[in-house]
Amino acid sequence: MKKLSFYEKVYAVVQLIPQGRATSYGAIASFLGAKKSARMVGWAMNNSHFLYPPIAAHRVVNRNGMLSGKAHFGDGNTMQKLLEAEGIEIKHDQIQQWAEIFWDPEKVL
DNA sequence: GAGGTGACTGCGA
DNA sequence: CTCGCAGCCACCT
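With my numbering, the residue at position 79 of the first sequence is 80, and numbering never jumps.
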């Protein structure tokens, strides 16, 4: 029985996020069974840039819907541009209609 | 082996 | 309302 690392599971969830939707670190962490381990999700995202294919880390934001990790995408507007390309409206580095854009992994189950 | 860090979150003052 | 602290687990030095 192969036990996947915490961040390996994060990648699986992020890849399941449908286009035009987004989720939060806490939602993923909670889905994995460690609600308070949202930091691990962020750590996984940091490593995501070394992964191939690159996972949609831009679809993962903090629980406020704010692009907390936009600075890690190289430029300060890359993450926002990617989200806007998927039809997500962003204002002041924050996702508009976050309640509708929010995608809960548990909902898929 | 031990200590410090981190793309977060929740609660208390 | 705003600010600060503790918890969580994996990775890096």
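Where is the CB? At the ideal position from N, CA and C, for every residue including glycine.
Give me the Cβ distance between Glu87 and Gln16, rounded to the nearest whole Å; I'm assuming they're in contact under 8 angstroms. Against the first sequence, residue 87 aligns to sequence position 86. Against the first sequence, residue 16 aligns to sequence position 15. 15 angstroms between Cβ atoms; not a contact.
Among all the DSSP beta bridges, which residues are the ones paired with Thr24? Taking the first residue of the first sequence as 1, we reach residue 24 at position 23. Answer is Val61.
Under 6 angstroms Cβ to Cβ from Val42, same chain only, skipping five residues before and after it: list those, please. Residue mapping note: residue 42 aligns to position 41 of the first sequence, counting from 1. Cβ neighbours of Val42 beyond the five flanking positions: Val11, Tyr26, Ile29, Ala30.
Which residues mark the beginning and the end of the alpha helix (DSSP H) in which Ala7 is found? As a working mapping, residue 7 is identified with position 6 in the first sequence. The residue asked about is misnamed: residue 7 is Phe in this sequence, not Ala. Its alpha helix (DSSP H) spans residues 7-17.
Going by DSSP in three states, Gln81 sits in which element: helix, strand or coil? Position 80 of the first sequence holds residue 81. Helix, per DSSP.
Apart from the five residues just before and just after Trp99, which ones in its own chain have a Cβ nearer than 7 angstroms to its Cβ? Sequence index remark: in the first sequence, residue 99 carries index 98 (1-based). Only residues of its own chain outside the window of five on either side were considered, and among them Gly66 have a CB closer than 7 angstroms to the CB of Trp99, listed in chain order.
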